[in-house]
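Colleague: Quick one: structure below, then a few questions.
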Amino acid sequence: MRGVYTAEIEIASVSAAKTLLLLEAPADGVLEILSANVTNMNNDSNEQLEAGLFEVTTKGTPAGTSVTPTKHEPGDQASSATATGDLTAEPSAYDTKAIDRQGFSNLAGYRYDPIPEERPVVKPGGLVGLRLLAAPATAAKMTAQIVYRQIG
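Take 6 as the starting number for the sequence shown in my numbering and just add one per residue.
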């Protein structure tokens, strides 16, 4: 499908609740979130964790690892959205009401797959964060991924 991209990061060691992946829409377009997931790559002890997708209400000065989104169609241009993973400095504020929030078994992973009528749209210049809300008991290698359609 044209205009679809994946922002993904693998984080070697997650031991605290934090934003795993932050996505910022371009100033002249919107992003339609198609899916999001968090996967535990190496910890085989089952535990209950919590994750969610949240809108950022105040950006502040978040910092982390720059992520280059991958396009799904070879003819598409590079995404003009900005993605940052493994945040070391969080945005100033998130909306208290999540777009999606789930408790999950770390062995099964977190998965958000909204039906078309429920897909959230990130406004021009808006941000969403995929957040781990509960610290794992043992540091784990994790992947975080957001698949989105860029419109405009």
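Every residue gets a Cβ at the ideal spot worked out from N, C-alpha and C, and that includes glycine.
(1) Grab the span of the beta strand (DSSP E) containing G57 for me, first residue to last.
(2) Is DSSP giving E95 helix, strand or coil here?
(3) Cβ-heavy atom distance between T70 and the ligand NAD below 7 Å?
(4) How would you label V166, buried or exposed, when you count the other beta carbons within 10 angstroms and need 16 or more for buried?
(5) By a C-beta neighbour count over all protein chains shown, 10 Å radius and 16 as the cutoff for buried, is N47 buried or exposed?
(6) Taking the beta carbon of I156 as the centre, do at least 16 other beta carbons fall within 10 Å, making it buried, or is it exposed?
(7) Within the same chain, show all residues whose beta-carbon is closer than 8 Å to that of T63, passing over the 5 residues directly before and after it, in chain order.
Modeller: Reading it off the structure:
(1) Q53 to T63
(2) coil
(3) The ligand content of the structure shown is nil, which means the ligand NAD is not present either.
(4) The structure shown does not extend to residue 166, since the chain spans only 6 to 157, so no value can be given for it.
(5) So N47 counts as exposed.
(6) exposed
(7) P96, S97 and A98
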